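Participant:
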Amino acid sequence: MSDRPLFAGVDIGGTTTQVVVCDDDLTVLDRAGTATPAASGGQAMIDAALGVLTPLLRRTPGRLVGVGVGAAGVVDTTVGRILVASDSFSGWSGFPVTAAVEDALGVPAFLDNDVNAFLRGEVSGGAVRGEPDVLGIALGTGVGGALWAGGRLFAGPQGAAGEIGHIPGFGDLPCTCGGRGHLETLASGRSIGARFADRTGRRLTAREVADAATRGDQDALEVYRAAGAGLARAVVMTAGLVDITTVVIGGGVSRAWHLLEPVIRAQLAEEPPVSGHPVRLVRARLGADAVPVGAAARARLETTPGAGVLTTP
Numbered sequence: 001m002s003d004r005p006l007f008a009g010v011d012i013g014g015t016t017t018q019v020v021v022c023d024d025d026l027t028v029l030d031r032a033g034t035a036t037p038a039a040s041g042g043q044a045m046i047d048a049a050l051g052v053l054t055p056l057l058r059r060t061p062g063r064l065v066g067v068g069v070g071a072a073g074v075v076d077t078t079v080g081r082i083l084v085a086s087d088s089f090s091g092w093s094g095f096p097v098t099a100a101v102e103d104a105l106g107v108p109a110f111l112d113n114d115v116n117a118f119l120r121g122e123v124s125g126g127a128v129r130g131e132p133d134v135l136g137i138a139l140g141t142g143v144g145g146a147l148w149a150g151g152r153l154f155a156g157p158q159g160a161a162g163e164i165g166h167i168p169g170f171g172d173l174p175c176t177c178g179g180r181g182h183l184e185t186l187a188s189g190r191s192i193g194a195r196f197a198d199r200t201g202r203r204l205t206a207r208e209v210a211d212a213a214t215r216g217d218q219d220a221l222e223v224y225r226a227a228g229a230g231l232a233r234a235v236v237m238t239a240g241l242v243d244i245t246t247v248v249i250g251g252g253v254s255r256a257w258h259l260l261e262p263v264i265r266a267q268l269a270e271e272p273p274v275s276g277h278p279v280r281l282v283r284a285r286l287g288a289d290a291v292p293v294g295a296a297a298r299a300r301l302e303t304t305p306g307a308g309v310l311t312t313p
């Protein structure tokens, strides 16, 4: 039996659970996914993830050292428990994630918010590998944010640092969280579809709105212009507060990069950070691997003496 150290990463999303097995360099050796039984409770979701991970470990030579889990919602990373989850999950709030994984596998397990794991993944082996000061933005159903400062994840005392999706100052539209004028009301997949419907009466998904914009539909183009302008403003605000040098943007909505990038770059050029130094803008590289690789990176960091983020080659 090989003694090669292995680290597993799990991304438990609302519809899909993705699992990877990585070596000590965080190279993905194998991966698989399954539907998330979100309505069946916390143990069922963990069992589904373990049902994917177990065969991966059987066919990957090595010794499992630790497991990282990335999950949506508010999490307690110290005790490994979900604190607050969306209504799409049943029996998830309060569930002891890491205890369930450790009981099943007999190795240490660690829990992160999924957007924090996304950023850790991109810094560890993706588009911003080895960079010390990065804002990560995940554009999906909502808008998530995370901060990497001084070469490490900065979550803040309440674990909410970098959550730019829910700061006001972006108009007065109602947000799903109960607030108003948040960035999420402009740049999330849900809001892009809603803003297009407000303008045209036609109900489309964010991807369909992007397709319409690509074909030259002016209403669709305006919706994406507003999203890009909002993102640029959030980047400038963050750069003014914590002096980031780089922003990496991922998530399903970032597939419309050809629509968002020119607007963001133009806005950043028109209104640069107060430091006078431009912020580097990049698209996430790891795709669906970002969260599970970031979760595996957390497990590697916590279980391997001297381990840290891999530096730029």
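Numbering (full-length UniProt numbering), first residue to last: 1 to 313. Glycine included, every Cβ here is placed at the ideal spot set by N, Cα and C. Predicted model only: the values in this text are computed from it and were never measured.
Under the criterion of a Cβ to heavy atom distance below 6 Å, does D23 qualify as lining the ligand SAH?
Facilitator: Here there are no bound small molecules, and the ligand SAH is not part of this structure.
Participant: Quick one: what's got a C-beta closer than 8 Å to E261's C-beta in the same chain, skipping five residues either side?
Facilitator: Excluding the 5 residues flanking it on each side, E261 has same chain C-beta neighbours closer than 8 Å at G228, L281, R283, in chain order.
Participant: Among D11, A210, D30, T60, which has the Cα closest to the Cα of I46?
Facilitator: Selected option, being the one with the closest Cα: D11.
Participant: Name the DSSP bridge partner or partners of I82?
Facilitator: Beta-bridge pairing by DSSP links I82 to V75.
Participant: Can you tell me which of L111, S40, G130, G125 puts its alpha carbon nearest to the alpha carbon of G91?
Facilitator: S40
Participant: Near R31, what residues of its chain come up, given a Cβ to Cβ distance below 6 Å and the 5 sequence neighbours on each side ignored?
Facilitator: V20
Participant: Is V248 closer than 7 Å to V128 when the C-beta atoms are compared?
Facilitator: Closer than 7 Å, so yes.
Participant: Which residues does DSSP list as the beta-bridge partners of P22?
Facilitator: Reading off the sequence, residue 22 comes out as Cys, not Pro. Its beta-bridge partners are F7, V28.
Participant: For Q43, count the other beta carbons within 10 Å of its own beta carbon; 16 or more makes it buried, fewer makes it exposed. Which is it?
Facilitator: exposed
Participant: I'd like to know if the region 56-74 and the region 95-109 are in contact, where contact means that at least 3 CB-CB pairs between them fall below 8 Å.
Facilitator: yes
Participant: Does the separation of the CB atoms of A117 and A295 fall below 7 Å?
Facilitator: yes
Participant: With a threshold of 16 other CB atoms inside 10 Å of the CB of H166, please say whether the residue is buried or exposed.
Facilitator: buried
Participant: Could you please give me the residues that DSSP links to L139 through a beta bridge?
Facilitator: V143
Participant: Please report the residue range of the beta strand (DSSP E) in which D97 lies.
Facilitator: Sequence check: residue 97 is Val here, not Asp. Looking at the DSSP string, V97 is not in any beta strand (DSSP E); the run it does join, the alpha helix (DSSP H), is 97-105.
Participant: From A187 to A104, what does the alpha carbon distance come to, in whole angstroms?
Facilitator: 39 Å
Participant: Report back the beta-carbon spacing between P96 and R4 to the nearest angstrom; my notes put them in contact at under 8 Å.
Facilitator: Your pair P96 and R4 does not check out as a contact, with CB atoms roughly 30 Å apart and the cut at 8 Å.
Participant: For A212, collect the residues of the same chain with a Cβ closer than 6 Å to its Cβ; drop the 5 residues on either side in sequence, then sort them by chain order.
Facilitator: A220
Participant: Verify whether the separation of the beta carbon atoms of G145 and E131 is less than 7 Å.
Facilitator: The Cβ atoms of G145 and E131 lie no closer than 7 Å to each other.
Participant: Going by C-alpha distance, which of V235, L241, G276, P292 is nearest V263?
Facilitator: V235
Participant: Would L183 and F170 qualify as a contact pair, given that the criterion is a beta-carbon distance under 7 Å?
Facilitator: yes
Participant: Using a Cβ-Cβ distance cut-off of 7 Å, determine whether A288 contacts chain B.
Facilitator: Absence of chain B from the displayed structure is noted, only one protein chain being present.
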